[in-house]
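In what follows, a single structure is set out as structure tokens and then discussed.
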Amino acid sequence: MIVIVNGAGGRLGQEVLKAAKSAGHSVVAVDKFGSPEAETYKSLFDYTGAADVVIDFSSHLATEELTSYVVKRNLPLVLATTGQTPEEKEMIFAAAKKVPLFFSANMSLGVALLISLVKKAASLLSEDDIEIVETHHNHKADAPSGTALMIANAISDTLGGRNIVKGRSGLCKREKGEIGISSIRIGSVVGKHEVMFGDGIETLTITHEAHDKALFATGAVRAADFLVGKKAGLYDMQALVEEYNA
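Position 155, counted from 1, in the sequence shown is what our numbering calls 155; the numbers after and before it change by one each time, with no gaps.
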């Protein structure tokens with residue numbers, strides 16, 4: 001399989017190149033700043049050779065170029081960035097009507113399993129207070145994390161729609177049924193997500209902690225393997241987990 005890696009010069013992009021090569025795939029690197037791991041094209045449209053899938057670890061700012069490229073070339077896309085604007089999300093949804101598109105805020109299989117567990121817990125503990133605490137390194141620019149929002153939305157959907165509160169300060173009594181998200185930025189933590197269910201008698205905490213960013217690269221390559229040959233549509237890690245369980 002020939003994998004185009006967009007954003008190949010970044011740390012995660014370099015990890016994807018390594019992971020794809022380790023899986024026996026050929027790679028094409030794309031990054032306007034170059035990459036130490038491979039000969040690099042400055043733009044996606046500069047590459048017109050053979051390809052089977054595109055993996056993107058660049059920035060949500062590349063959404064328009066990415067979606068245009070994969071639709072024009074009829075290529076599957078694994079999109080692993082966060083922070084998309086509503087307009088960029090519309091571009092993603094439109095592209096998914098024409099090509100298979102894998103879109104996830106977190107490429108970790110462990111996080112996908114956490115979400116499956118959390119949805120089951122939410123169904124059983126629907127009357128509990130539910131809080132999410134996410135911890136990341138001190139250079140992370142966005143809060144809450146895309147993964148925390150993904151978890152919160154999964155819980156909300158499971159429970160028929162809940163109010164999601166992002167951070168608290170001052171006088172703000174907790175309302176019944178809301179889902180709270182708190183963000184911590186400290187040191188070099190790769191990523192930690194804790195989901196807590198409490199009813200005053202006991203507390204259940206489900207936790208996932210990433211120790212090395214390489215896991216996201218491995219997950220992206222696994223997603224690419226999963227996506228090739230699929231029909232046009234929008235896919236995520238939950239779809240991948242369900243296929244493994246089938």
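Even for Gly, the Cβ is constructed at its ideal location relative to N, Cα and C.
Residue i and residue j closer than 8 Å at C-beta
i: Glu118; j: Ile206; result: It should be pointed out that residue 118 corresponds to Val in this sequence rather than to Glu. In contact: Val118 and Ile206 (Cβ atoms closer than 8 Å).
i: Leu240; j: Ala112; result: yes
i: Phe102; j: Tyr244; result: no
i: Asp56; j: Leu77; result: yes
i: His208; j: Leu114; result: yes
i: Lys140; j: Arg11; result: no
i: Phe216; j: Ser145; result: no
i: Ile184; j: Ile155; result: no
i: Ile92; j: Ala51; result: no
i: Ala122; j: Thr147; result: no
i: Ala224; j: Val53; result: yes
i: Thr40; j: Gly9; result: yes
Cβ-based burial, residue i [other Cβ within 10 Å; buried from 16]
i: Gly24; result: exposed
i: Ile130; result: buried
i: His136; result: buried
i: Thr81; result: buried
i: Ser58; result: buried
i: Ser22; result: exposed
i: Ala94; result: exposed
i: Ser104; result: buried
i: Asn106; result: buried
i: Gly187; result: exposed
For residue i, three-class secondary structure by DSSP
i: Asn6; result: strand
i: His60; result: helix
i: Leu125; result: coil
i: Thr249; result: The requested residue 249 is not part of the displayed model; the chain covers only 1 to 246.
i: Met196; result: strand
i: Ala29; result: strand
i: Ala214; result: helix
i: Thr82; result: coil
i: Val53; result: strand
i: Leu77; result: strand
i: Glu131; result: strand
i: Lys89; result: helix
Cβ-Cβ separation, residue j to residue i (assumed contact under 8 Å), whole Å
i: Asp31; j: Gly7; result: 6 Å
i: Ala19; j: Ala29; result: Actually they do not touch by this definition, with Cβ atoms about 13 Å apart.
i: Val99; j: Asn138; result: In fact, because the Cβ distance is near 37 Å, the residues do not count as touching under 8 Å.
i: Ser35; j: Gln14; result: 6 Å
i: Ala232; j: Ala96; result: 7 Å
i: Leu125; j: Leu204; result: 7 Å
Cross-strand partners of residue i (DSSP beta bridge)
i: Arg185; result: His136
i: Pro100; result: Gly233
i: Lys166; result: Ile181
i: Thr203; result: Gly198
i: Gly191; result: Ala210
Neighbour flag for residue i against chain C, beta carbons, 8 Å
i: Ala121; result: The structure shown has no chain C; it contains just one protein chain.
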